[in-house]
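Participant: This note's numbering numbers the first residue of the sequence shown as 1499 and each following residue consecutively.
Even glycine gets a Cβ: it sits at the ideal position worked out from N, Cα and C.
Let me begin by handing over the structure; questions about it come next.
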Amino acid sequence: MMKSPADFKNPQNNTLYYSLFDDWGLIEASFNAQYGIRLRKDAEGMTWNEFATLLSGIAPDTPLGNIVSIRAEKDPKVLKQFNAQQRKIHRDWAKKQAADINMDDYKNMMNQLQDAFKTMAGGDHEWGKN
């Protein structure tokens, strides 16, 4: 059985094991499975802080949680037991992380996502304050 990180981050180096953009479908499916929230319909009024909190609590038995568990695995004994699909998921993530990430592009994408949540929540009111 694979160990899963408590919150999708490696506490030693803050490595994320998901992408808000590339894994959006998994995020949507996991919110629906765990919380019964359909993000495309039910996220109106959800603040960014609430979204981030719920995302950090996604369980390992959800679609995203399962993928994160595979990507984050470091134990050679467990890795040896992976099937072909799990090895591909693990390998593809490692390759993606090896590529340099432009921090300005990352910050720009995060701001765009936050703006999208602002729009879903009803406009330009003070973000994060109810």
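Find out if the Cβ-Cβ distance for the pair T1551, A1527 is shorter than 9 Å.
Facilitator: It is not a contact, given that the beta carbons lie outside the stated cut-off.
Participant: Quick one: grab the DSSP three-state call for N1581.
Facilitator: Looking at N1581 - three-state DSSP - the assignment turns out to be coil, as it is neither helix nor strand.
Participant: Could you tell me which whole beta strand (DSSP E) segments of length 3 or greater appear in the stretch 1536-1573?
Facilitator: DSSP runs (the beta strand (DSSP E)) wholly in the stretch 1536-1573: none.
Participant: If you count every other CB in all the chains shown that lies within 10 Å of the CB of Q1610, and 16 or more means buried, which is it?
Facilitator: Exposed: under 16 other Cβ atoms inside 10 Å.
Participant: Can you give me the Cβ contacts of I1525 inside the same chain, cut-off strictly under 6 Å, excluding the 5 residues immediately before and after it?
Facilitator: If we look at I1525 and ignore the five residues flanking it on each side, its Cβ neighbours are L1562.
Participant: How many whole angstroms separate the CB atoms of A1619 and E1542, which I take to be in contact at a CB cut-off of 8 Å?
Facilitator: Confirmed, about 7 Å.
Participant: Below 8 Å on the Cβ atoms is my guess for Q1579 versus I1568; work out the distance and round it to an integer in Å.
Facilitator: Between I1568 and Q1579 the Cβ distance is about 11 Å, and since that is not below 8 Å, they are no contact.
Participant: Hey, Q1595 and I1556 are a contact pair by Cβ (cut 8 Å); roughly how many whole angstroms apart?
Facilitator: Between I1556 and Q1595 the Cβ distance is about 20 Å, and since that is not below 8 Å, they are no contact.
Participant: How would you write the range of the alpha helix (DSSP H) that D1603 sits in, first residue to last?
Facilitator: Residues 1601-1618.
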